[in-house]
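Working notes, structure below.
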Amino acid sequence: MGFAELNITSNFTFLTGGSHAEEYMALAAEMGLGAIAIADENSVAGIVRAHTQMREIARQARVWREESFGPPRPEHIERPPSAPVEHVPRLVPAARIVTAEGVTATLLPKNRQGWANLCRLLSHGKLRAEKGACTLTVSDLLRWGAEQEVLLHPLQQEATSQPAAHEWAQQAGRLTRRFPGAVALLMSPQYDGQDGARFDAQAALAQGLKVPTVASASPVMHVAKRRRLTDVLTAIRQGCRVDQLGRAAQANAEQRLRSEPEMRRLFRGHEGAVDRAAEIAQRCQFNLGSLRYEYPSEIADGESPSERLRRLSYEGLRWRYPNGAPEKVKKMLEHELALIAKLDYEPYFLTVRDVVAFARERDILCQGRGSAANSVVCYCLGVTSVSPEIGTMVFERFVSEARNEPPDIDVDFEHERREEVIQHIYERYGRHRAGLCATVVHYRGKRAIREVGRAMGLTDDTISALSSQLWGFFSAKGLEAHRMKEIGLDPTDRRLAQTMALIYEIIGFPRHLSQHVGGFIMTEGRLDELCPVENASMEDRTVIPWDKDDIDSLGILKVDVLSLGMLTCIRKAFALIGQHHGVDYTLASLPPEDPAVYDMLCRADSLGVFQVESRAQMNFLPRMRPRCFYDLVIEVAIIRPGPIQGDMVHPYIRRRNGEEEVSFPSDALGAVLGKTLGVPLFQEQAMQIAIVGAGFSPDEADRLRRSLATFKKHGNVSDFRDRFMKGMAQNGYDSDFAARCFSQIEGFGSYGFPESHAASFALLVYASSWLKHHHPGIFACALLNAQPMGFYAPAQIVRDARAHGVKVLPVCVNASFWDNVMEPDGEGGLALRLGFRQIRAMGEEEADWLTAARGNGYQTVEDVWRRAGTSPKLLRILAEADAFAALGLARREALWAAKALVPGEELPLFKGDLDGEGIVEPAVLLPKMSEGEEVVEDYVSMRLTLRAHPLALLRARLTPGFSSAKDITPAPDAPQNPERALRTGLIKAQPSRRHPRNARHF
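First residue of the sequence shown: 478, per the working numbering; consecutive thereafter.
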C-alpha cells in the first residue's frame, strides 16, 4: 500500500475546510495514494461523500476497462491519458476529536465495533450540547476509544507553556495506558522553516510517551489554489474581513494533499513516520460499505414479517376491490410480494403501514406519494390512496433488485398534527433506535454573495447590487461587464473580480446541517452505533449527520414523514360535513368523476384548490379542459419548470386540441409516450426514452433519474448527452429528434414529477375541487382553519366564498370560537362565522378562556373583563376587530370602554358611593367612523373585511388615466407590443414569486 493520508479536514468542518471530500478522494486516486481518512472535527458528516466518490471512481474504471479491452488490460498496453484512473484509494472512516482539556486526537476505527464506539462517543458529546456543538472530555475518550487507532495531536506552538504542556502530557499518558499499542503521535509540517527541529522534538516527545510517530500533511484543502477561499471561510467563521485575520489566515498554500514522494521529502530523516501511516491504515479494515443496516423486525402473534405482510396485503386487496381485483393487479401483488421477500424488505413495509395505521386511528389524514404510488402492496396496506392502475404500474421504479438500493416511501400527514406522528415514532422505537436524517444547507446565490462579499470588504451597497443580479450572476455567461456598469460597478476592479470568483467557488459548499423535513431512520439495534445522533434545533427532535443522498448511498432505509396543509384542510372539511350533514366522507369514498367538478375547473374557478390555484394553472385550465382523473394527473405534472423549460406544454395542448398531429417516431417510443400524446411529461417516461430510444441500461437510466432529482446537488444531466445522442443515432433516430428529446429530458432537471407522484397529488386536486364545488362554505371554513397554507390570503378566500354565495358573518364576542365555524343562516342554510383566529395578536388560549366563560352571552365590555378575566389589552384587541358590534357598540365605543378599564383591584376610595352618591362618568359622544376608516381598521386587525372592497371606495376618485381590468381587454387586432396601460387595483397574489422563470408565457 502507498502512503495513507490520515488527517484530512474537509468542508464538513464547516467554515474551515476548503475542499469537498469528493475532491480529496479524486485527487488521491490520481496521486496513487493507498488510503485517505476524512477526519472532520467531532464529525463524520462528510465521509459518505468520499465513500460514494470512491465507488464512482471504481465504477468508471471498471466500465472503461470493459468497454475498451473486455478482459483486464494487458500490461504492455499503456493507459491512455483520457482513461479514468484505475487505482482506487481506500477510505478510512475517522473523526478528529477535540476535548475540553485541550487534547486533540484523530480516531480511526479498526473494525465494526470500533465504528460503533466512535459513533457512541460522538453521540454522547453532541447530545449533551446544543445543536451544532459537541462537548467531550478525555474521560469520554477513555470510555469509547476501544478498537480504534488513536493519533494524538501535539500541542500547537502557541500553547506550549509549561502548565499546558504538563497537563497535555498527563492526559496523553492516560490514553497510552488505556490503549497500549493503539496510540501514535501525529506529526504535521507547518512550512515555517522550523519543521526539521519540530519533528525532532516531537519524535523525542513520542519516545517519552513510548508511542510511535505517524506523518500527515493535515490538509485543509486539496489543491493550493483553494488558499484564498479557505481564508474567506475563516473570516466568515470569525465574523471579520480577510484582511483582519492576522495569524488566523493561511500563512501559505502548503497545507494541501500531498503525494508520497512529497511526503518523503518533507519528512526526510523521519521516513518511518511516513511508512507508519500506511501500516495504521492496513490495521483499519472497517469500511462504510460493510455497515449492515437492519430494519426493525418484530414477530407479532407468532407471525413472521413475511406472513404478516402477505396477510395484510390480501386483506387490503379485498378492502380496495370489494367486487374482486383485476387479474393484472393480482399478478402485480404476487410479483411485488416475491421481490420484497427476496430483498428482505418486509419489516420496512410493515413499519410504514404501522405508522399510517397509528395516524388513521387518531383521525389524522394521510396518504403516500412519490414512486410508492406505483406499488399495489402500498395501496392494499392503505399507505397510498390511488390505484396503481392509473399509471404504468412500474414497481421497479420503486423497488429494484438490479439497482440494489432501498425503497423510499413518502407519506404526507396533516401539517398541524404531524408532530403527533413524529413523537409516536420516538416513543415506539426510542431515541436510541430512531432519528431524523439531516439536510445539508449549502451555499447558494444570495447567501454566498452576502457572506463572501462582507468577508472581502465590499460595501453593503455593492453587495445589494450584486444580489439584485442573481439570475445573471449564475447564468451560463455570468454577470457581463455591461450589466455590472449598469448597476454601478466597475468590472475592472481587482477586488470585485476576486470576490466574484470566490462567490462562484463557494457555491455548493456545505455551511451547516439542518433537519430534514421528515426523513426518519429506524433500526433494529442501536441507531447511535450505526451513526452519531445529535440534537436538532427543535425541541424533542434528534437527527443523524447524514442527508438523504448519504443514506441512499449506504443502503439505509428511511420513511419520509412529511406534512401537507391541504390534508389538514380536507380532513377539517370532512369533519364539518359530518357535523352538519351527517355524511362521513373519506378520500376513497368521494363520488368520482363528477362532471360538475370538471366544469368548475374548466372555468379556472380554482382559488384554494390544491396545486391548480396558481395564476399559471388558472391560465392553463381552460386550455387543458380536464374531463377525467388522468387529465388532472397531467395538469399537476405539466405546469412545472421541467416541462415548461423542456418546451412540452404547447405541443401537448396543440395535440390535445387537434391542432397538431399525434405521431411517434417508432412503435417502441409510441408505447412509452402514447398516454401523453407523444410528449414526455413524467420522469418515468424520461427513463424509458433513454432505455428504449438510446439503449441505456437500467443502471444508466437510474443514474439519469438521479441526475433529474429535484434537489440533487451534484447531478448533471448534460453528462449523459453524448451517450444519449450516440445511442439514439445507433437506433435510427435523426439527430434533430434526438436533440429535442434530450432537451425535454434535461428540463426534468428542474422539478419534473414522477407519474405516480402526480397521481397522488391529482387525488387531492379532485377532492379539494369537489369540496369547493359542492360545499363552498365548508371548504372556505376549512381552508381558513388550516392557515397558514396555500397561495392566497384569508381576505381572498373570504371574498371568493362570498362570490360563491356563502354568507360570511363577522367575528363576534358572543358567537365566535377560536376556529371559524359553520352556523345556521336563518334561511335553512349555513353561514360561515369568522373565528378569533382571524384576529391579529390574539392567541388560542385567550380565545378558549373567552368562550368558556361566556355562558348565555356577554352584555358589556366590562362584563367580558370580569367574567372571562381577560386583560384590558385583549379587550382593546377585540374592540379594534369590531367584535363587540353585536352588543350594540361601535368600534370606537367599545375601544373607549376597554381603555377605561384598569387592571387590578379598584381603589378603596372609589369602591362604594361617596356620601351616598354614585360617581357616574359623563357619556362621551364619539365621532362615527366612515366606511373607509372601518375598512382600513378591518385590514389592520384581521387582514380582511366584510365591508366594501377597498377599490370601490376609491373608484370615484380615480383619474381617467387609470383603467380597470375590464377596460384593458386587448382587441383582436391589437399590436404585438402594445403600449403600457396604467392600472390600479388590489393585488390578490404575487404569482411572479411562485412561477418558474419561463412561465411568463402563460
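Where is the CB? At the ideal position from N, CA and C, for every residue including glycine.
With a 10 Å radius around the Cβ and a threshold of 16 neighbouring Cβ atoms, Gly1155 comes out buried. Where Gly591 is concerned, the enclosing alpha helix (DSSP H) starts and stops at 589-604. Fully enclosed beta strand (DSSP E) runs of no fewer than 3 residues occupy 1307-1310 of the region 1301-1381, in order along the chain.
In the three-state reduction of the DSSP assignment, Pro987 falls in the strand class. Our two residues, Ala610 and His993, have alpha carbons roughly 18 Å apart in a direct line. DSSP places Gly912 in the uninterrupted beta strand (DSSP E) bounded by 911-919. Your pair Leu628 and Leu663 checks out as a contact, with CB atoms roughly 4 Å apart and the cut at 8 Å. According to the DSSP assignment, Asn1262 belongs to the alpha helix (DSSP H) that extends over 1253-1262. With a cut-off of 8 Å on Cβ pairs, the region 525-537 is in contact with the region 563-572, counting three or more such pairs. Across the set Ser496, Met502, Phe491, the C-alpha of Met502 shows the shortest separation from the C-alpha of Ala481.
Close CB contacts of Ala659 within its chain, under the 6 Å cut and outside five residues either way in sequence, are with Glu626, Val627 (chain order).
The three-state secondary structure of Pro1022, taken from DSSP, is coil. Taken in chain order, the complete alpha helix (DSSP H) segments of 4 or more residues contained in the region 754-831 are 782-797, 804-819. Contact between Glu982 and Leu706 holds, with the beta-carbon distance rounding to 5 Å and staying under 8 Å.
Judged by beta-carbon spacing, Asp887 lies within the 8 Å limit of Leu1039, meaning their Cβ atoms are closer than that value.
Unbroken beta strand (DSSP E) stretches of 3 residues or longer found wholly inside the region 968-1013: 987-999, given in chain order. By the beta-carbon neighbour count (other beta carbons within 10 angstroms, threshold 16), Ser1140 is exposed.
By the Cβ criterion, the region 927-934 is in contact with the region 971-982, since at least three pairs of Cβ atoms, one from each stretch, lie closer than 8 Å. Ranking Glu731, Met1101, Asp752, Lys1203 by CA distance to the CA of Glu737 puts Asp752 first. Sorting Ala1308, Asn1291, Glu1304, Val1290 by C-alpha distance to the C-alpha of Val1298 places Ala1308 at the top. Beta-bridge analysis with DSSP links Phe890 to Cys843, Ser1040. Under the DSSP assignment, Leu663 falls outside any alpha helix (DSSP H), being part of the beta strand (DSSP E) whose first and last residues are 660-664.
Within 10 angstroms of the beta-carbon of Trp796 lie fewer than 16 other beta-carbons, which makes it exposed.
By the C-beta density criterion, Phe1051 is buried, having at least 16 other C-beta atoms within 10 angstroms. By the neighbour-count criterion, in which 16 or more other beta carbons inside 10 Å mark a residue as buried, Phe1214 falls on the exposed side.
Taking C-beta atoms under 8 Å as the contact rule, Ala683 and Arg704 fail to qualify, at a distance of about 30 Å. Remark: C-beta atoms of Asn594 and Trp621 approach each other more closely than 8 Å. By the Cβ neighbour-count rule, Lys819 is exposed, with fewer than 16 other Cβ atoms within 10 Å of its own. Gln633 carries a coil assignment under DSSP once its states are collapsed to helix, strand and coil.
Pro689 sits in coil when the DSSP states are folded into three classes, being neither helix nor strand. Excluding sequence positions up to five before and after Ala1318, its CB lies within less than 8 Å of the CB of Ile1354, all in the same chain and listed in chain order. Asn484: member of the beta strand (DSSP E) spanning 481-485, first to last residue. In this structure, Pro586 lies near Glu624, with their beta-carbon atoms less than 8 Å apart. Here DSSP, grouped into helix, strand and coil, assigns Glu533 to helix. For Lys608, no beta strand (DSSP E) encloses it, and the DSSP letter there is neither H nor E. With 16 or more other Cβ atoms from the protein chains shown falling within 10 Å of its own Cβ, Ser487 counts as buried.
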